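Residue numbers (the working numbering): 698 to 1173.
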């Protein structure tokens, strides 16, 4: 097992350092420039459109709203990456990794805008009235005419989110529960927690997209608020320490000591890797949720998902970083969620560690729901055969149980491999399709300048009508 893990680490280092990280940076810079810095100039508009409600569907039920799609994507984003992932980034890359997480979130929000806008444009109607499905696989086929690339992406995201990332979530739940309930730990503990997760998740994933949306709309705000309150309490108790924390973050990102020792490279690498795992900008996952929304213009979901990147990294991940760094931790060994747990215990007392266990459970469980939805949408791209979807549901539950029993290091390193492959396939699609997203943005801006709530009527000069199915075509 150690040999396999070592090989995976070597592959990750070459793949990320020499190919993926440069591509992520170049893509973010290009989209930022071409969009006129949409991720910063349109922040007020992001808050306006996220509050829009879905319209009643043909069966009388309300369709998935902009906020509903935001919740599905946030359920997948706001998970163990915000607690265990940030802790791992700090323990491996030092405090400077946090700065690079912030930088890449700001830059990557432009990629999130492009991919989610495209997902809305090329979405397809779902089986339930008033619901839709879509994502990178769909815009690869209908926007680029590359079904083969869409099939590759659909398989990779199904394995990555349905199996690997869900195993990560289960693994982190077991780790934090074991640390919190050490007095009752035993060989039976992990299998018991795994079986409980299988039972709870099974109740959800054998329902439809509306059930997923309803559950995440409740879970995400609750879990985020509880965790943010814990973080605010820690910051309030350590206000005098904040200047040192910011100095450590900035110094770790640019300091002379880190440059000489090679630590700055590790800070950048870990910041980008863990940042992408957490906020998923450019990864190709959130477009699957963006496509589910019933909105009047594709750009609205592009803006909503950019806001999701900020919510995840600049808010939730930052809280984790402040919790950890105000406790001035020992970073001599690699840590995961236990680093956050120890920091809370040190500052607030043992009760906070137990609360964090509950928060991690909610974060990770909601991520499992969002991860399943991503896989489901892509299974339906490959085939409409209902039996395959049933097999997928069963395999997801098997992966969750296996993750509860697995090795922490191996599961996280496998997640890096699959996440990197997925991002590579997606970025090579949104780079050529970016021009379509920018034409949509120009159309949106023109309507906003005219004082209108933008409504998109598809025009041939924006995209080939043959690839667009869910938008009324203007007849000139």
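We put the CB at the ideal spot given by N, CA and C, even for glycine.
Everything numeric in this text was worked out from a predicted model, so none of it was measured.
7 Å CB neighbourhood of residue i in its chain, flanking five on each side removed
i            : result
residue 1164 : 819, 839 and 840
residue 868  : 1100, 1101, 1103, 1105 and 1108
residue 956  : Note that residue 956 has pLDDT 47, beneath the 50 cutoff, so the model's placement of it is unreliable and no number is given.
residue 887  : 871, 1101 and 1102
residue 731  : 1131 and 1135
residue 837  : 843, 846, 847, 850 and 1126
residue 1000 : 739, 742, 743, 746 and 810
residue 708  : 1114
residue 947  : 796
Whole-number beta carbon distance between residue j and residue i, since they are thought to touch under 8 Å
i            : j            : result
residue 856  : residue 1115 : 6 Å
residue 798  : residue 1005 : Rounded, the Cβ-Cβ distance is 15 Å, inconsistent with contact.
residue 981  : residue 1089 : In fact, because the Cβ distance is near 18 Å, the residues do not count as touching under 8 Å.
residue 1084 : residue 782  : Wrong, their Cβ atoms sit about 35 Å apart, outside the cutoff.
residue 950  : residue 778  : Actually they do not touch by this definition, with Cβ atoms about 20 Å apart.
residue 931  : residue 787  : Wrong, their Cβ atoms sit about 15 Å apart, outside the cutoff.
residue 1041 : residue 1053 : 5 Å
residue 1023 : residue 942  : 6 Å
Of the residues the options, the one placed nearest residue i, counting alpha carbons only
i            : options                   : result
residue 739  : 1142, 943, 1008 and 1084  : 1142
residue 821  : 814, 815, 830 and 813     : 830
residue 853  : 1168, 1075 and 1135       : 1075
residue 638  : 1167, 900, 947 and 1117   : In this structure the chain extends from 698 to 1173, so residue 638 is not present and cannot be described.
residue 986  : 965, 1067 and 946         : 1067
residue 804  : 1109, 973, 761 and 745    : 973
residue 1218 : 866, 980, 704 and 1002    : The chain is shown only over 698 to 1173; residue 1218 falls outside these bounds and no answer can be derived.
residue 1158 : 1144, 1152, 1147 and 1135 : 1135
residue 1013 : 1060, 997 and 991         : 1060
residue 865  : 1152, 1121 and 1095       : 1095
residue 1123 : 843, 997 and 901          : 843
residue 859  : 1148, 768, 1092 and 1119  : 1092
residue 992  : 715, 1152, 733 and 712    : 1152
residue 713  : 1137, 1139, 1145 and 1121 : 1121
residue 975  : 998, 709 and 1010         : 1010
residue 1139 : 996, 966, 1063 and 1070   : 996
residue 921  : 1008, 984, 873 and 885    : 1008
residue 900  : 1150, 1062 and 823        : 1062
residue 812  : 978, 1072 and 1043        : 978
residue 1055 : 1045, 878 and 832         : 878
Close beta carbons around residue i, own chain, < 6 Å, minus the five adjacent residues each side
i            : result
residue 1133 : 1160
residue 703  : none
residue 963  : 790
residue 645  : A query on residue 645 cannot be resolved here, the shown segment of the chain reaching from 698 to 1173 and no further.
residue 958  : Low local confidence applies: a pLDDT of 46 at residue 958 is under 50, so the model's placement there is unreliable, with the coordinate-based value given in what follows. Excluding positions up to five away in sequence, the list is empty.
residue 954  : Reliability fails at residue 954, whose pLDDT of 49 lies under 50, so the model's placement of it is uncertain and no value is given.
residue 965  : 797
Residues that residue i bridges to, as DSSP identifies them
i            : result
residue 792  : None, per the DSSP bridge assignment.
residue 767  : Answer is none; residue 767 lacks a bridge partner.
residue 1084 : Answer is none; residue 1084 lacks a bridge partner.
residue 829  : 822
Same chain, Cβ closer than 8 Å to residue i, five either side skipped, listed in chain order
i            : result
residue 919  : 1059
residue 1082 : none
residue 706  : 1110
residue 701  : 1107
residue 1119 : 850, 853, 854, 857, 980, 981 and 982
Quiz item: Quick check: the stretch 805-817 against the stretch 724-734, are there 3 or more CB pairs under 8 Å?
Solution: yes
Quiz item: Is the stretch 884-892 touching the stretch 1085-1101, taking contact as three or more C-beta pairs under 8 Å?
Solution: yes
Self-check item: Any 3 or more C-beta pairs closer than 8 Å across the stretch 1121-1136 and the stretch 923-934
Solution: no
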